[in-house]
Amino acid sequence: MKQALPLAGIRVLELGSNVSGPYGTWILAALGADVVKVERPDGGDDARGWGPPFWRGVATVFQTINRDKTSITIDFKDPKALASLRRRIASDTDVVLQNLRPGVADGLGLGAKAMTEENPRLIYCNLWAFGAKGPLAGRPGFDALMQAFGGIMAVTGEEGQAPVRAGISVVDMGTGMWSAIGILAALNRRHSSGRGGVVDTSLYETALGWTAYYNADVQVTGDTPQRHGSGVRGIMPYQAYDCADGYLVVAASNDRLFQNLARELQHADWLEDPRFADNAARSSHREDLNALLMPIFKAETRTHWQERLDRAGVPNAPIQHAGEVVAHPQTQALGILQDTGHGVALTGLPMSFDGERPPLRNIAPDLEE
Numbered sequence: 026m027k028q029a030l031p032l033a034g035i036r037v038l039e040l041g042s043n044v045s046g047p048y049g050t051w052i053l054a055a056l057g058a059d060v061v062k063v064e065r066p067d068g069g070d071d072a073r074g075w076g077p078p079f080w081r082g083v084a085t086v087f088q089t090i091n092r093d094k095t096s097i098t099i100d101f102k103d104p105k106a107l108a109s110l111r112r113r114i115a116s117d118t119d120v121v122l123q124n125l126r127p128g129v130a131d132g133l134g135l136g137a138k139a140m141t142e143e144n145p146r147l148i149y150c151n152l153w154a155f156g157a158k159g160p161l162a163g164r165p166g167f168d169a170l171m172q173a174f175g176g177i178m179a180v181t182g183e184e185g186q187a188p189v190r191a192g193i194s195v196v197d198m199g200t201g202m203w204s205a206i207g208i209l210a211a212l213n214r215r216h217s218s219g220r221g222g223v224v225d226t227s228l229y230e231t232a233l234g235w236t237a238y239y240n241a242d243v244q245v246t247g248d249t250p251q252r253h254g255s256g257v258r259g260i261m262p263y264q265a266y267d268c269a270d271g272y273l274v275v276a277a278s279n280d281r282l283f284q285n286l287a288r289e290l291q292h293a294d295w296l297e298d299p300r301f302a303d304n305a306a307r308s309s310h311r312e313d314l315n316a317l318l319m320p321i322f323k324a325e326t327r328t329h330w331q332e333r334l335d336r337a338g339v340p341n342a343p344i345q346h347a348g349e350v351v352a353h354p355q356t357q358a359l360g361i362l363q364d365t366g367h368g369v370a371l372t373g374l375p376m377s378f379d380g381e382r383p384p385l386r387n388i389a390p391d392l393e394e
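Position one of the sequence shown corresponds to residue 26 (the numbering used here), numbered consecutively onward.
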C-alpha cells in the first residue's frame, strides 16, 4: 500500500499568474497539497496564452506548471464573490500564495495582514517583484527584468557581445521554489506553535541569491565580473569545446583532473608550464590554455572525446537539445517524464520519497475546472 503524499490534506489557494507563483504552488501540489488556482473569468492566467506551442488549446508553459491543481474564477469587482473568497481563506485554507501586482491583494481585502488576523493558523506567502520593502517595493517585475537588474545578464553570454537572457525562467522558477521552501518551513513551525505567519519572497532577492558569489567577488576585487560564455569564473578548463560534430562540455575542475586531461591529450608538458600550474594560474591564463585546447577538440567528434575523457576520468557532457534530453535512456530510466495519457509526458517533481516520485495526479485544469 502506497503512503500518502507528504502534503496530503493541506489546502492551498493560489492568487497568482504567469510563472513564479504557479511554479511554487505546483511544487506544493506535486507533494500532495490540494491547490485551488484562482483566476480571472476573462481568460484566466495570462500564461494560458503564452504560445505557441499550444497543447489541448493552452500554452505548454501553462500546462507544465499548473498540473495537479484545480481552478476557480473570481470576478474581483464583485463584492459578493470577494466576500465568499475571504470566508474560504478564513475558514478552510492552510496556505495562500499570491503574486499579484504590489498593493492589489491589500486593496481587495485579501492581503496578508487582514487574512492572518482572521485565520491565525494561515500561512500567507507574498511573492513580490522587488521585495516587501525599499524604494522599489511598489514596482512590478518579470523574469527578464530581474535577470537584468539583478546582475545575471551581466555575467551571461560572451564577452563583447549583446546581453543574453538565460534560456529558462531561472528567476521566476527559482522564486517559486523559495516560496515553497518558505511555506514548508512555516508549516513545520506551525506544528509546534499552532500559528501560521507571513512568508515574503521576491524575484529580485532570488536574482541576488543566484549571483551571490559575484556579489562577494566585486567587493573583494573591485572589478566588474566578466562573461565567460559556457565557462565559469574561477575554474579552468570548465566550458564547452567545439568538436567536429558539435559541442562537448569538459569539466576539469581541479588540478588532479587537469593532470588527467593533459596526459590523455598527450601534453604532459603543460604540467610543467607555470601558466597552468594550478587552477588559479589556469584561470588567469584562460585564453592561452583555450588556444591550445580548441584545435585539439575540433579535430575529432564528440563521441571520440567522450570515450577518451571517460577513460581518463575527466567529467564531460555533450550539449543536447530538448529532443535528445527527452529521448535519452538516463531520462527515461528516472521516470521523471510522467505520461498524461494524452500523447505528452510532463516533467515531474525532481525528487523521490523512499524511491517513489510523486505521481502525476491530473493535467492542468481548464478554466473553472
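Each residue gets a CB set at the ideal place from its N, CA and C atoms; glycine is no exception.
In the three-state reduction of the DSSP assignment, phenylalanine 155 falls in the coil class. Within the stretch 105–129, complete alpha helix (DSSP H) segments of at least 4 residues are not found at all.
The C-beta separation of tryptophan 330 from leucine 273 comes to about 6 Å, placing the pair in contact by the 8 Å criterion. Arginine 126 sits close to proline 165, with the two beta carbons spaced by under 8 Å. Within the same chain, Cβ atoms closer than 6 Å to the Cβ of glycine 373 are found at Ile361, Gln363 and Arg382, the five residues on either side in sequence being excluded. Close CB contacts of alanine 137 within its chain, under the 7 Å cut and outside five residues either way in sequence, are with Tyr149, Asn151 and Val223 (chain order). Look at the stretch 203–269 and you find these whole runs of beta strand (DSSP E), each 3 residues long or longer: 222–227 and 263–268. Rounded to whole angstroms, valine 129 and phenylalanine 301 show a C-alpha spacing of 57 Å.
In its chain, beyond the 5 residues on either side, Asp225 have a beta carbon closer than 6 Å to the beta carbon of alanine 157. A direct Cα-Cα distance of roughly 42 Å separates valine 86 from aspartate 313. Listed in chain order, the alpha helix (DSSP H) runs fully inside the stretch 273–306 are 280–289, counting runs of at least 4 residues. Inter-residue distance for aspartate 93 and valine 83 is about 16 Å (C-alpha atoms, whole angstroms). Taking 8 Å as the cut-off, the beta carbon of glycine 199 is found closer than this to the beta carbon of tryptophan 235. The stretch 285–304 makes contact with the stretch 334–347: 3 or more CB pairs, one atom from each, lie closer than 8 Å.
Glutamate 183 is a Cβ neighbour of glycine 254, given a cutoff of 8 Å. Closest option to alanine 277, judged by alpha-carbon separation, among Met261, Cys268 and Pro320: Met261. Taking the Cα positions, leucine 233 is about 30 Å away from tyrosine 266. Leaving aside the five residues that flank isoleucine 35 on each side, the residues in its chain whose CB is nearer than 8 Å to its CB run, in chain order, Leu53, Gly57, Ala58, Asp59, Asp119, Val120 and Leu212. Between arginine 146 and arginine 214, the CB-CB gap reaches or exceeds 8 Å. Threonine 231 and threonine 249 have their alpha carbons spaced roughly 20 Å apart. Glutamate 325 places its beta carbon less than 8 Å from that of cysteine 268.
The criterion of a C-beta distance shorter than 8 Å is not satisfied by tyrosine 48 and isoleucine 97. Residue Leu228 holds the alpha-carbon nearest to the alpha-carbon of glycine 176 among Leu228, Ala205 and Ala210.
About 55 Å separates the Cβ atoms of glycine 221 and threonine 328, ruling out a contact at the 8 Å cut-off. In this structure, the straight-line span from the alpha carbon of glutamine 355 to that of histidine 310 is close to 36 Å.
Straight through space, the alpha carbons of phenylalanine 174 and proline 188 are spaced by roughly 12 Å. The Cβ neighbour count for valine 351, taken over all protein chains shown within 10 Å, is under 16; the residue is labelled exposed. Going by C-alpha positions, glycine 68 is about 15 Å away from lysine 102. Of all alpha-carbon atoms in Arg113, Val275, Ala305 and Pro320, the one lying nearest the alpha-carbon of arginine 333 is that of Val275.
Between tyrosine 263 and glycine 134, the alpha-carbon positions lie close to 52 Å from each other.
Across the structure, aspartate 168 and threonine 95 are spaced so that their CA atoms are roughly 25 Å apart. In the displayed model, isoleucine 52 falls within a helix according to three-state DSSP.
Burial check for glutamine 123: the Cβ neighbour count within 10 Å reaches 16 or more, so the residue is buried. In the structure shown, glutamate 381 adopts extended strand secondary structure according to DSSP, grouped into three states. Look at serine 194 here: in three-state DSSP terms it is coil, with no helix or strand label. With a threshold of 16 other beta carbon atoms within 10 Å, glutamine 244 falls short and is exposed.
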